[in-house]
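Residue numbers for the sequence shown follow the numbering used here, beginning at 60 and rising by one.
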Amino acid sequence: MSKEKSTEYIEELVIKINKLSAEDQAVWGKMNVSEMMHHCSKFIDLYLGEIPLPKWYKIFGVSIGKLFLWYVSKLDPSKTPRNLRTDKRIMVNDKSYDFEEQRSLLLRKINGLSNVSGTIKHPIYGKMSSDKIIFLIWHHTSHHLCQFGVYQKNH
Numbered sequence: 060m061s062k063e064k065s066t067e068y069i070e071e072l073v074i075k076i077n078k079l080s081a082e083d084q085a086v087w088g089k090m091n092v093s094e095m096m097h098h099c100s101k102f103i104d105l106y107l108g109e110i111p112l113p114k115w116y117k118i119f120g121v122s123i124g125k126l127f128l129w130y131v132s133k134l135d136p137s138k139t140p141r142n143l144r145t146d147k148r149i150m151v152n153d154k155s156y157d158f159e160e161q162r163s164l165l166l167r168k169i170n171g172l173s174n175v176s177g178t179i180k181h182p183i184y185g186k187m188s189s190d191k192i193i194f195l196i197w198h199h200t201s202h203h204l205c206q207f208g209v210y211q212k213n214h
C-alpha cells in the first residue's frame, strides 16, 4: 500500500463522517451515532498504542489475531461480522455524547493519521507499517459507517 492510498482512505473517511447527522439511526447494533464516533475515536487511540493493554493480548495477537486480521482485511467493510465482542477499553454505552463534539474529535483523529508514518508498534499485533494501520482504521470506521448507512463502496 502506498502513502497515496492512505491519503485516499483518510479523505474518504472525512467525507463520509461529514455525511452523518445526529438523527441517523443504526441499521444494526446498539450504539447511537455519537457513541459510534466515540468508539471509532477510541479504536484509533488503541491502534496507535495510546490505550494500554494486558500483555496476554499481544500473545493472542501475534498468534491467532494476525489470522483474524488477514481474514477481516480481505472483506469489504460492509461484510465484516457485526456485533463482535468489544474490549471494555473501547466499549461505549453513554447515550449522552454530544454529536458535534464526537464528530469533531473523530475528524481530528482521522486527519491526524496523515502525520503517521513508518513502523508503528501496535499493542496487540506488534510492528506494522503505518499504511497497514491506516487501512485497518479505515476498515473499522467504514464498517461502522455501514451501521449508519453512509458507506458506499467507492474506494
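The beta-carbon is built from N, C-alpha and C at its ideal position, and this holds for glycine as well.
Note that the structure is a prediction, hence the values are computed from the model and not measured.
- Cβ-Cβ distances below 7 Å link residue 168 to 100 and 103 in the same chain, with the five nearest sequence neighbours on each side left out; the list follows chain order.
- Within the DSSP secondary-structure output, residue 179 pairs in a beta bridge with 187.
- Residue 100: member of the alpha helix (DSSP H) spanning 92 to 106, first to last residue.
- Residue 66 and residue 160 have their C-alpha atoms roughly 24 Å apart.
- For the pair residue 113 and residue 205, the CB atoms are not nearer than the 8 Å cut-off.
- With 16 or more neighbouring CB atoms inside 10 Å of its own CB, residue 151 falls in the buried class.
- Looking at the backbone, the Cα of residue 210 and that of residue 115 are separated by about 34 Å.
- Per the Cβ contact rule, the segment 86 to 99 is not in contact with the segment 173 to 188 (fewer than 3 Cβ pairs under 8 Å).
- About 15 Å separates the CB atoms of residue 74 and residue 173; that is not less than 8 Å, and the two are not in contact.
- Nearest in C-alpha terms to residue 202, of all of 133, 185, 154 and 118, is 133.
- Distance from the CA atom of residue 82 to the CA atom of residue 131, rounded to whole angstroms, is 29 Å.
- Cβ neighbours of residue 72 within its own chain (closer than 7 Å, five residues either side excluded): 169, 197 and 200.
- The DSSP-derived three-state label of residue 75 is helix.
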